[in-house]
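In UniProt numbering, the protein residues as written are 1 to 252.
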Amino acid sequence: MSLSKQEIERYRRQLLLPEIGGQGQQRLKESKILVVGAGGLGCPILTYLAAAGAGHIHIVDADMVALSNLQRQALYTTEDIGKPKAECAARALAALNPEIEVSFTAEYLDAENAKDLVAGCVLVIEGVDRFAPRYLINEACRTEGVPLLSAAIGRFDGQIALFPMDEASACYRCLVPSPPEDAADCETEGVLGAVPGVVGSLAALEAMKYLTGMKGAMKNELLIYQGREGRLRRISVPKDPACPVCAAEVRA
1 MSLSKQEIER YRRQLLLPEI GGQGQQRLKE SKILVVGAGG LGCPILTYLA AAGAGHIHIV
61 DADMVALSNL QRQALYTTED IGKPKAECAA RALAALNPEI EVSFTAEYLD AENAKDLVAG
121 CVLVIEGVDR FAPRYLINEA CRTEGVPLLS AAIGRFDGQI ALFPMDEASA CYRCLVPSPP
181 EDAADCETEG VLGAVPGVVG SLAALEAMKY LTGMKGAMKN ELLIYQGREG RLRRISVPKD
241 PACPVCAAEV RA
């Protein structure tokens with residue numbers, strides 16, 4: 001499954017990077033990525049992964065496009081209002097890059113379908129806005145041994161975490177063992193439209209670094225973006241011996 005002449009021309013600027021080159025581009029082409037959430041974060045993540053040549057992207061989102069989404073979800077247009085996000089996003093990505101395969105599930109990820117959706121992927125990216133599905137995704141990734149990139153935003157800020165999910169890896173529950181009592185979401189607290197663009201682009205960048213094996217790719221780390229201050233911080237996330245997911249593995 002080598003690169004065609006058309007693909008070489010399409011990705012030429014990327015291929016010029018010695019950190020990517022033909023080998024890295026081939027890794028992207030052979031990757032199967034699950035993206036859960038096609039909202040504010042999912043839109044830039046999906047756009048840049050598709051444009052970069054990620055070979056197979058599967059989108060999971062049960063929501064319909066709403067007028068209030070268009071302030072920050074640039075994959076959609078006014079004509080998409082009332083239509084399934086997953087379907088609209090898949091159509092937009094296919095138009096952007098017909099060299100890749102795009103599929104979708106216009107349903108919520110739940111306990112019944114999580115493992116099946118995760119299985120066979122080389123990376124799962126979630127940009128959901130609730131802890132229950134985030135925990136389900138984390139547990140499915142841990143069970144299947146599939147790396148997880150988790151992204152979140154609120155107001156002017158955002159964060160990205162990446163867990164390889166090997167035996168020594170931390171997981172999302174090591175970082176957030178239980179939902180914070182003061183947890184807010186964009187629906188109640190708001191979000192500046194450019195923030196998901198910035199954080200989603202950073203998430204896509206980290207995903208590409210990880211997928212291509214680039215030096216400096218995040219592993220068991222948290223990247224924190226503070227939009228008002230224009231500040232980035234990167235910290236390690238250690239494996240928690242009391243983690244409700246990882247510790248359960250040890251006990252088993």
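Where a beta carbon is used, it is the ideal one built from N, C-alpha and C, also for glycine. In this text, all values refer to a predicted model and were calculated from it rather than measured experimentally.
Near A252, what residues of its chain come up, given a Cβ to Cβ distance below 6 Å and the 5 sequence neighbours on each side ignored? Interpretation of A252 is limited by its pLDDT of 45, a score under 50 that renders its predicted location unreliable; no figure is taken from the coordinates.
Three-state secondary structure assigned by DSSP to A119: Reduced to three states, the DSSP call for A119 is coil.
Distance, Cα to Cα, C174 vs P238? Pairing C174 with P238, the inter-Cα distance amounts to about 7 Å.
Can you grab the Cα-Cα spacing for the pair V250 / Y172, in whole Å? Because the pLDDT at V250 is just 49, under 50, the model does not fix this residue reliably, and the value given afterwards should be weighed accordingly. Each residue's CA atom was taken as its position, placing V250 and Y172 some 17 Å apart.
State the Cα-Cα distance for the pair I81 and M214, rounded to the nearest angstrom. Approximately 39 Å between the Cα atoms of the pair.
Is Y11 helix, strand or coil when you go by DSSP? Coil.
At which residues does the alpha helix (DSSP H) containing E221 begin and terminate? Looking at the DSSP string, E221 is not in any alpha helix (DSSP H); the run it does join, the beta strand (DSSP E), is 221 to 226.
Between E53 and K29, how many whole angstroms is the CB-CB distance? I'm expecting something under 8 Å. As written in the sequence, residue 53 is Gly, which differs from the Glu given in the question. Their Cβ separation, rounded to whole angstroms, is 6 Å, which keeps G53 and K29 in contact under 8 Å.
C-beta contact flag for G158 and V128 at 8 Å: No, Cβ-Cβ distance for G158 and V128 is not below 8 Å.
Taking all protein chains shown into account, decide if L17 is buried (16 or more other Cβ within 10 angstroms of its Cβ) or exposed. Label assigned to L17: exposed.
Kindly identify the DSSP beta-bridge partner or partners of V60. V36, T105, per the DSSP bridge assignment.
Chain-order list of residues whose beta-carbon lies under 6 Å from that of S236 (same chain, five-residue window excluded): For S236, where only same-chain residues beyond five positions count, the Cβ hits under 6 Å are E221.
For T77, count the other beta carbons within 10 Å of its own beta carbon; 16 or more makes it buried, fewer makes it exposed. Which is it? T77 comes out exposed.
Near G197, what residues of its chain come up, given a Cβ to Cβ distance below 6 Å and the 5 sequence neighbours on each side ignored? Beyond the five residues adjoining it in sequence on each side, G197 comes within less than 6 Å, by CB distance, of P44 in the same chain, given in chain order.
If you draw a straight line from the alpha carbon of L223 to that of L34, how long is it in whole angstroms? In a straight line, the C-alpha of L223 is about 21 Å away from that of L34.
Going by C-alpha distance, which of D116, D240, V60 is nearest K85? Scanning D116, D240, V60 for the CA closest to the CA of K85 turns up V60.
How many angstroms separate the CA atom of R91 from the CA atom of L67? Approximately 19 Å between the Cα atoms of the pair.
Is the separation between the beta-carbon of V199 and that of G154 shorter than 8 Å? No.
Grab the span of the alpha helix (DSSP H) containing I137 for me, first residue to last. Looking at the DSSP string, the run of the alpha helix (DSSP H) that includes I137 is 131 to 144.
Looking at L75: is its Cβ nearer than 8 Å to the Cβ of L49? Their beta carbons are not under 8 Å apart, which means L75 does not touch L49 by this criterion.
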